[in-house]
Amino acid sequence: MFSVGIVGMGSYVPENVITNLDLEKMVDTNDQWITSRTGIRKRHIAPKDMPVSELCYRAGLRALENAQIAPEEVDLIIVATMTPDYAFPATACIVADRLGAKKAAAFDLEAACTGFIFAVATASQFVATGMYKTVLVIGGETMSKILNWEDRSTCILFGDGAGAAVLQPVEKGFGFLSFELGSDGSGGKLLSQPAGGSKCPASLETVEKNLHTLQMQGRDVYKFAVRNMVDVSVNVLEKAGLGKDDVDLFIPHQANIRIIDAAVKRLGISPDKVIMNLDKYGNMSAASIPVALDESFKEGRIAEGDRIVMVGFGAGLTWGACVLKWTKVGLKA
Ligand code: ACO
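Heads up, the sequence shown is in this note's numbering, so the first residue is 16 and it goes up one at a time.
Below, the structure is given as structure tokens:
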């Protein structure tokens, strides 16, 4: 089995920004409520005519350039998203075509906000076994397109963006040291987009009832998130033979500052090792973790040999974490 690591990173967020003050003009909310309850101050929102494939393409291209790898060399592209361009064809196929990744197999993976963790875990298996050498993993979302912009309890939380990583074999002892993934379908109703699938196909009635938009029971998701982030982080460190003091960087899913603070406190990880960018982007679902990883690297916060824990949770319910020992092979900051 090969060791598998990240040899290139890239990200993209749309230019247009909606601040909390802008939201005050749209729904009955205020900056103070949003900031104190969530930590979010603004979010980037894609234009109406920009699908998620465009965000993923731009992030993917940047990651390949960063790794100095040509699109033709990519063996597989996995796009993690809950806001695909279409139910089918897969967004990954559209991205592969845009990139000119002619030999790449491509598929989408849906694990909501845990999507990037599920996708790197999946991609690693292909590289570890030697089936593929180069896999491009992209977490991308246009959450703005599935929000009910009249629902103040959800529309203030999310943003759009994409982050990408190129995975290849790396020197033994580096790269991904452990993974843990989990799911519990009994909690599916806590966070869902009820209509538009085969259970409740699109109709005039479903549109009138706003059933194609994200519905969430926030408090229950909150409790689930704190509990699971702690448990899965402890487990994944144990699998890697590490303790909390060995963590150089902790990159949690960026949903809510209070969730992150509570989980970090329980874990006993020093706050200066925790990456937080949700104030700028809101919750970008599957894009949150790779965008935060890319920014951390480009800001010089990651050095060779650093041990990074990435942990996510989301609809499904799903959760997952990994420990990554950073290698700088092929990367330019
Ligand atoms: N502005 C002002 N008031 C608001 C707003 C708003 N934007 N939204 C809700 N309120 C009101 C509510 O109506 C309620 O009023 P009431 O007491 O008169 O009934 C009050 O504020 C409190 O509402 P709660 O929902 O109890 O507020 P809470 O402190 O739980 O915060 C939040 C809500 C931020 C959504 C929190 O529950 C949370 O972060 N949950 C987790 C969400 C999450 O992580 N989701 C993403 C999962 S990832 C994925 O897969 C997509």
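Every residue, glycine too, gets a C-beta built ideally from N, C-alpha and C.
Inter-residue Cα distance where the pair is G25 and L79: 8 angstroms
Sub-9 angstroms separation of V279 and F265 beta-carbons: yes
For V150, the residue or residues it bridges with in DSSP: L91, L182
Near the ligand ACO: G197 beta-carbon under 8 angstroms from a heavy atom: no
Extent of the continuous beta strand (DSSP E) to which F122 belongs: 120-124
Per DSSP, the bridge partner or partners of F194: C337
Check whether T137 and L124 have beta carbons under 9 angstroms apart: yes
Distance cut-off 8 angstroms: M231 Cβ against heavy atoms of the ligand ACO: yes
9 angstroms Cβ cutoff met for T169 and L257: Taking 9 angstroms as the cut-off, the Cβ atoms of T169 and L257 do not count as close.
Pairwise C-alpha distance: L282 and D246: 9 angstroms
Nonlocal neighbours in the same chain, by C-beta distance under 8 angstroms from W164, ignoring five residues either side: M41, V42, C170
Residues of its chain near C13, where Cβ-Cβ distance is below 6 angstroms and the 5 sequence neighbours each way are ignored: The question about residue 13 has no answer here: the residues shown for the chain are numbered 16 through 348.
Segment limits, alpha helix (DSSP H) that includes P305: Counting along the chain, the unbroken alpha helix (DSSP H) around P305 starts and ends at 303-313.
The ligand ACO heavy atom lying under 8 angstroms from the CB of A95: no
Environment of P66 [buried if 16+ CB atoms lie within 10 Å]: buried
Sub-9 angstroms separation of F133 and L91 beta-carbons: no
Separation of N225 from P29, as counted between CA atoms: 25 angstroms
Residue from V22, T53, A302 with nearest C-alpha to L172: T53
Which listed residue (D261, A270, T221) has its alpha carbon closest to that of M7: Any question about residue 7 goes unanswered here, given that the chain covers just 16 to 348.
Status (buried if at least 16 other CB within 10 Å, exposed otherwise) for Y101: exposed
Nearest to I292 (by Cα), restricted to the options P104, E310, D276: The residue asked about is misnamed: residue 292 is Asn in this sequence, not Ile. Ranking the options by Cα distance to N292, first place goes to E310.
Distance cut-off 8 angstroms: W334 Cβ against heavy atoms of the ligand ACO: no
Buried/exposed call for S303, threshold 16 Cβ in 10 Å: buried
Bridge partner(s) assigned by DSSP for G326: Looking at the sequence shown, residue 326 is not Gly but Val. Answer is P267, A336, bridged to V326.
Contacts around K347, its chain only, beta-carbon distance under 6 angstroms, and the 5 residues preceding and following it disregarded: Because the pLDDT at K347 is just 47, under 50, the model does not fix this residue reliably, and the value given afterwards should be weighed accordingly. Result list for K347: empty, nothing under 6 angstroms.
Cβ neighbour criterion (16 or more within 10 Å) applied to F194: buried
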